[in-house]
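Per the UniProt record's numbering, residue 1 is the first one in the sequence shown, and the count goes up by one each step.
Glycine included, C-beta positions come from ideal geometry on N, C-alpha and C.
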Amino acid sequence: MEKMSCRPRVLLCASGSVATVKVPEIAVRLSKTAEVCVVLTKSADFFLQRAKGYNAAAWAEFQTATQVIDDSQRVITVVRDEDEWEVWNIVGDSVRHIELKDWADVMLLSPMSANTLGKLANGLADNLLTCVARAWITTKPFIYAPAMNTDMWNHPITAKQLRVLDEFGYKMIPPVEKKLACGVVGRDNYCAFSIHIYRKSPYSNCPCTQVTEASQLSIVSLPSHSTS
């Protein structure tokens with residue numbers, strides 16, 4: 001992927017959680033100050049296609065942003081599993097998950113399903129998202145927001161798998177307690193997306209600074225980039 005501006009570059013990855021209906025809203029907000037590439041699993045894509053019914057305004061803005069004809073003006077790109085193979089025909093061709101890993105300044109996995117948590121904790125790489133994660137350079141920020149049913153969250157294996165991600169140096173945006181899609185109240189929905197928003201320093205050679213409206217997280221400092 002080309003690096004088209006000096007703005008920070010965010011991989012916004014979504015896995016198979018109903019919370020994926022919030023991805024258009026998150027992507028649009030992020031795109032105000034960053035280049036955004038949305039990486040979807042097949043299950044996430046299922047929920048994304050139903051996001052219009054959750055927030056029609058955000059969906060419309062998301063659609064407009066992703067359908068810009070001029071690539072140099074596009075600030076939101078969407079990639080899916082099948083895109084992994086479209087750029088590869090013979091040995092020596094570019095590999096999409098490596099391109100994405102090299103392009104991004106930060107990987108933001110939001111939402112992260114119980115299934116994807118298990119894959120990452122065990123080193124599996126069976127789709128585009130998990131291949132990017134497996135190749136991710138741990139010196140770059142990896143932030144994730146788990147979103148799953150309360151019983152899934154409370155299962156003993158969840159805590160064990162979260163400890164593994166912590167050992168990798170990944171940073172978790174903790175769940176918040178609220179009414180869930182299944183109708184129960186539980187601590188398993190991910191935080192307001194306002195804590196994901198980044199802004200660029202007014203000085204071209206200074207690092208980018210995280211804006212945290214919902215909490216005082218000091219997770220990441222993103223570099224500036226030239227337009228070359």
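Close beta carbons around residue i, own chain, < 8 Å, minus the five adjacent residues each side
i       : result
Ala-65  : Ala-27, Val-28, Ser-31, Arg-74, Val-75, Ile-76
Gly-123 : Arg-134
Local conformation of residue i per DSSP, three classes
i       : result
Ala-27  : helix
Met-152 : helix
Leu-11  : strand
Ile-98  : helix
Lys-140 : coil
Gly-123 : coil
Gln-67  : coil
Gly-92  : coil
Asn-115 : helix
Residue i and residue j closer than 8 Å at C-beta
i           : j       : result
Asp-109     : Tyr-144 : Reading off the sequence shown, one finds Leu at residue 109, where the question assumed Asp. Yes.
Val-38      : Val-23  : yes
Gln-161     : Leu-100 : no
Ala-51      : Gly-16  : no
Val-79      : Met-107 : no
residue 229 : Thr-150 : Within the shown structure, residues of the chain are numbered from 1 to 228, placing residue 229 beyond reach of any answer.
Per DSSP, cross-strand counterpart(s) of residue i
i       : result
Val-78  : Val-38
Leu-108 : Leu-12, Ile-143
Lys-171 : Ile-143
Cβ separation of residue i and residue j, assumed to be a contact under 8 Å, to the nearest whole Å
i           : j       : result
Thr-20      : Phe-47  : 4 Å
residue 229 : Leu-128 : Any question about residue 229 goes unanswered here, given that the chain covers just 1 to 228.
Own chain, CB closer than 7 Å to residue i, minus 5 neighbours either side, in chain order
i       : result
Arg-163 : none
Cβ neighbours of residue i in the same chain (closer than 6 Å, five flanking residues each side left out)
i      : result
Cys-13 : Val-39, Leu-109, Leu-129
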